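Residue numbers for the sequence shown, in the numbering used here: -17 to 169.
Report on one structure; see the data block that follows.
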Amino acid sequence: MNITSLESVIESNIEALAQGAELVSSLTDEQYTHIVKDYAHSCIGEHFRHIIDLFLAVTGGYPNRLVNYDLRRRGAQVERCRQTALTELAEIQQWLCQFLDQYQRDNMKSDDLNVEVISEVSLVKTDSVSVQSSYTRELIFAGSHAVHHYALIAILAKLQGVKVKDSFGIAPTTASYLRNAPEHVQK
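See the structure below:
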């Protein structure tokens, strides 16, 4: 892995987090916390809490080289308070910038980014596994995971009459395809 890879991953995560913050800013408190019955079991705020929790697992795990995705804050204030979500999204973006600065300043190598990941894997019993990974890979996962939740959030917002940008919830590969697609496909 080279520095360009980590830079690209961090920049894309910052873009995704900024995109999420932009949508949160456009919502009312009611829209943020409303559960669209018959279509969903959770509100937009709960989706953002989940997205943020995964990023916090990565950022909080850095000092000990342990990312534990089983740690969740269900029912936390961020699910009900847009300002809390905006603050936490900004804090994660700031951490990512500081992490990249440290990586560059300390001339770190890819081995310095190795990490143990813990994640529950079973739907029918409590079963967490531990695997080896890297911070770069886990940041890719957290960003991709956020974008896929954004697709669900876009639907929940639209069902409430919120105008959502066409690019919200679109995966990077889809965005690249659409940029290069014939005009009739882009519509």
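For every residue, glycine included, the Cβ atom is placed at its ideal position computed from N, Cα and C.
Here the structure is a predicted model, which means the values were calculated and not measured.
Residue i - DSSP class collapsed to helix/strand/coil
i	result
I152	coil
S104	coil
M(-17)	Here the model assigns M(-17) a pLDDT of 43, short of 50, so the residue's position is not dependable and the matter cannot be decided.
V146	coil
A124	helix
A139	helix
Residue nearest to residue i in terms of C-alpha spacing, selected from the options
i	options	result
L95	L105, Q84, S104 and S101	Q84
D148	A133, Q76, S116 and L(-1)	A133
Q65	V103, E98, T15 and G43	T15
DSSP beta-bridge partners of residue i
i	result
E98	L48 and Q114
Spatial distance of residue i from residue j (CA atoms)
i	j	result
L5	Y21	20 angstroms
S110	I26	27 angstroms
N(-16)	G143	Low local confidence applies: a pLDDT of 47 at N(-16) is under 50, so the model's placement there is unreliable, and no value is given.
Q86	Q80	10 angstroms
A67	T41	16 angstroms
S24	N89	43 angstroms
F37	S8	22 angstroms
H130	E98	24 angstroms
T69	D35	13 angstroms
- Query: In chain order, which continuous runs of the beta strand (DSSP E) of length 3 or greater are located wholly inside the stretch 33 to 96?
  - Reply: 48 to 50
- Can you give, in chain order, each stretch of the alpha helix (DSSP H) that sits fully within the stretch 1 to 34 and has at least 4 residues? 11 to 15
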